[in-house]
Amino acid sequence: MVDSLSLGEARLRSAVCKGIDTKPDYDTLDEQSIVTFLKARGLPVRIERARADLFYVGVQVNPDRNEWGRLRVAILGSPSQAGQELHEAVLAHGEGSWGIHRSNLAVLAPDGTVSDILAFVGRTKLACWGVLTIAGADDSFVVPGGYREL
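Throughout the sequence shown, residue numbering follows the working numbering, covering 1159 to 1308 in sequence.
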């Protein structure tokens, strides 16, 4: 997907996460963590269980046209596994693929342009909930300015 904004230039403004706690989360999480976060922002969600460690969370992205985006939420054993899983998943899906990880959760999202992804994570505040990772041509990039884990 072609976009005028390059991943090396992409950064979230601090105002995007104003008023949201972006301290690292070291608890073991399940799918309810992201569901609760999205619902707190007034976003309608639907949950579908694929298996014990994999859920699909539908989030309404355009209420005017009743459009929904589907997030693939994987529950892993540790934060490092979640980060590695997300890195491998976005690279496997290719340029424009993106996701978020927080603690032991890896969330793969629908592909998009860098501009569209940043607009979506800014509007939903997902970049404040987890580490935003976007696939480039041959590597994945963490976009600074939102939530981060050390």
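For every residue, glycine included, the Cβ atom is placed at its ideal position computed from N, Cα and C.
The model shown is predicted, which means the values in this text are computed figures rather than measured ones.
#1: With 16 other CB atoms within 10 Å as the buried threshold, where does residue 1152 fall?
#2: Going by C-alpha to C-alpha distance, which of 1211, 1207, 1191, 1288 sits closest to residue 1175?
#3: Please report the straight-line C-alpha distance between residue 1215 and residue 1230, rounded to a whole angstrom.
#4: Which residues in the same chain have their Cβ closer than 8 Å to the Cβ of residue 1181, if we skip the five residues on either side of it in sequence?
#5: Does DSSP classify residue 1198 as helix, strand or coil?
#6: Does the pairing of the stretch 1248–1258 with the stretch 1210–1227 give three or more beta-carbon distances under 8 Å?
#7: Indicate the three-state DSSP secondary structure (helix, strand or coil) for residue 1206 in the structure shown.
#8: Tell me which residue opens and which closes the alpha helix (DSSP H) that residue 1238 is part of.
#9: Which whole-angstrom value describes the C-beta separation of residue 1262 and residue 1186, a residue pair presumed to lie in contact below a C-beta threshold of 8 Å?
#10: Ignoring anything shorter than 3 residues or poking outside the stretch 1261–1295, list the beta strand (DSSP E) runs there in chain order.
#11: Are residue 1244 and residue 1282 closer than 7 Å when you measure CB to CB?
#12: Output the boundary residues of the beta strand (DSSP E) element that contains residue 1225.
#13: List the endpoints of the continuous beta strand (DSSP E) containing residue 1212.
#14: Should residue 1258 and residue 1234 be called a contact, given that it needs their Cβ atoms to be closer than 7 Å?
#15: Under 6 Å Cβ to Cβ from residue 1241, same chain only, skipping five residues before and after it: list those, please.
Let's see:
#1: Residue 1152 lies beyond the stretch modelled for the chain, which goes from 1159 to 1308, so this question has no answer here.
#2: Checked all of 1211, 1207, 1191, 1288; the closest Cα to residue 1175 is 1288.
#3: If I take the Cα positions, the gap works out to 7 Å.
#4: The beta carbon of residue 1181 lies closer than 8 Å to none in the same chain, with the five residues before and after it left out.
#5: It is helical.
#6: The stretch 1248–1258, when compared against the stretch 1210–1227, does not touch it at the 8 Å Cβ threshold.
#7: Of the three classes helix, strand and coil, the one that applies to residue 1206 here is strand, per DSSP.
#8: For residue 1238, the uninterrupted alpha helix (DSSP H) segment begins and ends at 1237–1251.
#9: Correct: roughly 6 Å between the Cβ atoms.
#10: Those beta strand (DSSP E) runs which fall completely within the stretch 1261–1295 and span 3+ residues are 1263–1267, 1289–1293.
#11: The answer is no: Cβ separation not under 7 Å.
#12: Membership of residue 1225 in the beta strand (DSSP E) is indicated by the continuous run 1225–1233.
#13: First-last of the beta strand (DSSP E) with residue 1212: 1212–1220.
#14: The Cβ-Cβ distance between residue 1258 and residue 1234 does not fall below 7 Å.
#15: Cβ neighbours of residue 1241 within its own chain (closer than 6 Å, five residues either side excluded): 1259.
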